[in-house]
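**Student:**
Numbering (my numbering), first residue to last: 871 to 1020.
(1) Could you check how far apart the C-beta atoms of residue 894 and residue 945 are, in whole angstroms? I think they sit under 8 Å.
(2) In this structure, how does DSSP classify residue 970 when only helix, strand and coil are distinguished?
(3) Going by DSSP, what residue range makes up the beta strand (DSSP E) through residue 987?
(4) Could you give the distance in angstroms between the alpha-carbon of residue 1018 and the alpha-carbon of residue 986?
(5) Thinking C-beta only, is residue 888 closer than 8 Å to residue 948?
(6) Thinking just about the alpha-carbon of each residue, which of 969, 943, 980 is nearest to the one in residue 932?
(7) Spatial neighbours of residue 1014 within its chain, please: CB distance less than 6 Å, with the 5 preceding and 5 following residues excluded, ordered by chain position.
(8) So, at 8 Å on beta carbons, what are the nonlocal neighbours of residue 956 in its own chain, with the 5 sequence-adjacent residues on each side left out?
(9) Which runs of the alpha helix (DSSP H) fall wholly inside the stretch 927-970 and span at least 4 residues, in chain order?
(10) Identify which residue in 954, 916, 967, 912 has its Cα closest to the Cα of residue 939.
(11) Buried or exposed: where does residue 878 fall if 16 or more other Cβ atoms within 10 Å of its Cβ makes it buried?
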């Protein structure tokens, strides 16, 4: 999906030396499809609904989202320690991975880290991350956006 990204920077004349691109893979898990469960699917989180393009977000397993955000935060922390600067990190993801990337960066609380996200519709999940950040002292209001389905 993001293959050749360094070549794009070269073509644009942008020096990407020392920049770390983090494009994590989703774990294999059991997914609850409308037709039944399927084991061994590469997915960041399970869905509880199937809206299939309706103007409404699916309900997801938020515990999966939290687990993956913690895992990706640990990757970011490790890479920041190696590079010495979070501004040299780029976190990317596609679809569910993009949603997890945005959610993770909102939770991580670092001022500077770049994001590549594609095919993402994360509004309810971002509201939850924003509420968490506020509750942890990185914002003024608390409680907005808690829970599923916002």
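Using N, Cα and C, we set each Cβ at its ideal position, and we do this for glycine too.
**Tutor:** Working from what's here:
(1) That belief holds up - the Cβ atoms of residue 894 and residue 945 are roughly 6 Å apart, short of 8 Å.
(2) helix
(3) Taken as a continuous stretch (DSSP letters only), the beta strand (DSSP E) holding residue 987 covers 984-988.
(4) Residue placement at residue 1018 is flagged as unreliable, the pLDDT there being 38, under the threshold of 50; the coordinate-derived value follows with that caveat. The straight-line gap from Cα to Cα measures roughly 25 Å.
(5) no
(6) Selected option, being the one with the closest Cα: 969.
(7) Note that residue 1014 scores a pLDDT of 34, beneath 50, so its modelled location is shaky and nothing firm can be said.
(8) 946, 950, 980, 981, 982, 983
(9) Fully enclosed alpha helix (DSSP H) runs of 4 or longer: 932-953.
(10) 967
(11) Label assigned to residue 878: exposed.
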